[in-house]
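Worksheet: one structure, shown below.
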Amino acid sequence: MPTYEYQCDACEHNFDEFESIKAEPLKKCPKCGKKKLRRVFGAGAAILFKGSGFYETDYRSESYKKSAKADQEAAKPAASSTTPAGDAGSTPSTPSSSKDTGSGGKGSKSSG
């Protein structure tokens, strides 16, 4: 349901009203009681998403998404080039050596 903006021509009271699209526009001003109320088509004429479930980043434009993706891809090579070559070579050998000692029956200790 959209939020509509109303303004009274008699007392110039301005307010927003949350109402159905099918509802008739309000006629009577809640402040002065005169039937000089009119619906204003301004910033409040669209659907407003209120609540904890909506974020302004949920509906980004396609150009924003493309530039964000390009920024992420540009950051990936910089992050991988900062890793030293010595660390990368020693990491794979550590798990394979532990598998060899644990999986073989000849080198393992057994109580018996």
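Residues 66 to 177 in my numbering are what the sequence shown spells out, letter by letter.
All residues carry an ideal CB built from backbone N, CA and C; glycine is no exception.
Count the other C-beta atoms from every protein chain shown that fall within 10 angstroms of the C-beta of K96, then say buried if there are 16 or more, exposed otherwise.
By one-based count along the sequence shown, residue 96 stands at place 31. Label assigned to K96: exposed.
Give the single residue among Y71, K130, S132 and K99 whose Cα lies nearest to the Cα of E84.
Here residue 84 refers to the residue found at position 19 when the sequence shown is read from its first residue. It is Y71 whose Cα lies nearest to the Cα of E84.
Check whether the Cβ atoms of Y69 and E82 lie closer than 8 Å to each other.
As a working mapping, residue 69 is identified with position 4 in the sequence shown. As a working mapping, residue 82 is identified with position 17 in the sequence shown. Against a cut-off of 8 Å, the Cβ pair of E82 and Y69 comes out as a contact.
Close-in-space but distant-in-sequence residues of the same chain around K92 (CB under 8 Å, 5 per side omitted)
Mapped onto the sequence shown, residue 92 falls at position 27. Closer than 8 Å at the Cβ level, and outside the excluded window around K92, lie K100 and L102.
Who are the near neighbours of C76 in its chain, counting only those whose CB is closer than 7 Å to its CB and skipping five residues on each side?
For this step, residue 76 is matched to residue 11 along the sequence shown. The answer, listed in chain order, is C94, K96 and C97.
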